[in-house]
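Engineer: Would you mind keeping the following structure in view while I ask a few things?
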Amino acid sequence: MRWVRYEHRGRVLLGIDEEKGVRHLKDLNLPEELAQAINGGHMDRWIELQPLWHPLRDELAKAPFLPRQEVRLLAPFGGRRKNLFCVGRNYKAHAEESAGFFGTSPADLPAYPVFFTKPYTAIIGPGEAIRFSPRITQAVDYEGELAVVIGRRGKNLKTGEAMNYVFGYTLLNDVSARDLQKRHGQYFKGKSLDTFAPLGPAIVEKEDLPPVETLELRTWVNGELRQKASPKDLLFSIPELLASLSQGMTLEPGDVLATGTPEGVGLGFNPPRFLRAGDVVRIAVEGIGVLENPVVEEEEP
Ligand code: MG
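Count along the sequence shown starting at 1, add 786, and that's the number in the working numbering.
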């Protein structure tokens, strides 16, 4: 199923996204805990309650549709106060293309996953604008990424069991201010500006997708294809990332781990092709959907 968080007549709700529209779960006769998660738009709680709603899937799948024009899809985790987990330099060709810009050696591939986070305040949904002030950054870049959504609480996971903790997948644009990234000597600041985490459009359960290695991630800027890659080329696979991240650190239902971006980002071009006002970034994985966001430049005091 494709789970979405959406706005309808001023309310934020959870529903099932299908081609015809969004299935409206609000009026179903469900246990109180489930109803609260749906009516509050609490996606992390919904994922945590999976054991409760899984037996009711047939009933949920028959809920009435809301027409697409009556709903606005939101970021699946807009209300959740926890950082997004990310990993840098996790595709070989992207690590190589970044080396020139950051003055590191292209042969210097990471021996361990390079984890960092983005704050929840940076999250925006499908269609919302990526906004930046030219006073603060002049090197804003896109990074199309497949993101894993955790389904169960877990710690010290082994590689062989890690996939049992995955609920599903979504998409992230790991928008990055390259000048800030370079100046501050780490990832966090330049990747954490408000609106720098477009997320969505849906969370698709892993059982409803083909094996993740066969998926194809593509990113376009203004209709021009810039990135095309498969998660089979990740330096650290999803189970390896989850095993590594969870050592000594608890993963929780609703946690998001973006798996890294492939080659083709703006800094890889000579000269670099950074985002400008009026650009539109579109990220797609078949079965998960399309995450499209326009770019707006605005002065800030
Ligand atoms: Mg990234």
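Ideal Cβ positions, reconstructed from N, Cα and C, are used throughout, including at glycine. Given the structure is predicted, the values throughout are model-derived calculations rather than measurements.
Return the Cβ separation of V1067 and T1005 in integer angstroms, given the expectation that the two are a contact with Cβ distance under 8 Å.
Structural biologist: V1067 to T1005, Cβ: 7 Å. Contact.
Engineer: Would you mind sorting I910 into buried or exposed? The rule is 16 or more other CB atoms within 10 Å of its CB.
Structural biologist: Looking at its Cβ environment, which holds 16 or more other Cβ atoms inside 10 Å, I910 is buried.
Engineer: Quick one, what's near the ligand MG if you take every residue whose CB is closer than 5 Å to any heavy atom, in chain order?
Structural biologist: Having a Cβ closer than 5 Å to some heavy atom of the ligand MG are E929, D960, T1047.
Engineer: Rounded to a whole number of angstroms, what is the C-alpha to C-alpha distance between E834 and E991?
Structural biologist: Answer to the nearest angstrom: the Cα atoms are 13 Å apart.
Engineer: Look up L1020 in the DSSP assignment and give the residues it is bridged to.
Structural biologist: Note: L1020 sits in a beta bridge opposite Y877.
Engineer: Across the region 870-888 and the region 830-844, are there enough close Cβ pairs to call them in contact, namely three or more that are closer than 8 Å?
Structural biologist: With the cut-off at 8 Å, the region 870-888 and the region 830-844 do not touch.
Engineer: According to DSSP, I909 sits in a beta bridge with which residue or residues?
Structural biologist: BP columns for I909 point to A983.
Engineer: What do you get for S891, buried or exposed, if any count of 16 or more other CB atoms within 10 angstroms of its CB means buried?
Structural biologist: Exposed is the call here.
Engineer: Quick check on the burial criterion: 16 or more other C-beta atoms within 10 angstroms. Buried or exposed for A914?
Structural biologist: One detail in the question is off: residue 914 reads as Glu in this sequence, not Ala. The residue in question, E914, is buried, as its Cβ has 16 or more Cβ neighbours within 10 Å.
Engineer: Measuring alpha carbon to alpha carbon, tell me which residue in N1056, V873, D994, V1042 is nearest P1048.
Structural biologist: Of the listed residues, the one whose Cα sits closest to P1048 is V873.
Engineer: Do you know how far the Cα of D803 is from the Cα of V957?
Structural biologist: Per the sequence presented here, residue 957 reads as Leu, with Val not at that position. The straight-line gap from Cα to Cα measures roughly 15 Å.
Engineer: Expressed to the nearest angstrom, what Euclidean distance is found between the alpha-carbon atoms of L1061 and G1052?
Structural biologist: Cα to Cα, L1061 sits roughly 8 Å from G1052.
Engineer: Check N825 in the structure and name its three-state DSSP category.
Structural biologist: In this structure, N825 counts as helix in the three-state DSSP scheme.
Engineer: If we call anything under 8 Å between Cβ atoms a contact, is P912 one with L1077?
Structural biologist: A contact, by the Cβ cut-off of 8 Å.
Engineer: Entirely within the region 826-905 and at least 4 residues each: give me those alpha helix (DSSP H) ranges in chain order.
Structural biologist: Those alpha helix (DSSP H) runs which fall completely within the region 826-905 and span 4+ residues are 829-834, 836-839, 843-846, 878-888.
Engineer: Alpha carbon to alpha carbon, how far is T903 from T945? Give it in angstroms, no decimals.
Structural biologist: One C-alpha to the other measures close to 22 Å.
Engineer: With three or more beta-carbon pairs closer than 8 Å as the criterion, would you say the region 811-819 touches the region 856-864?
Structural biologist: No, the region 811-819 does not touch the region 856-864.
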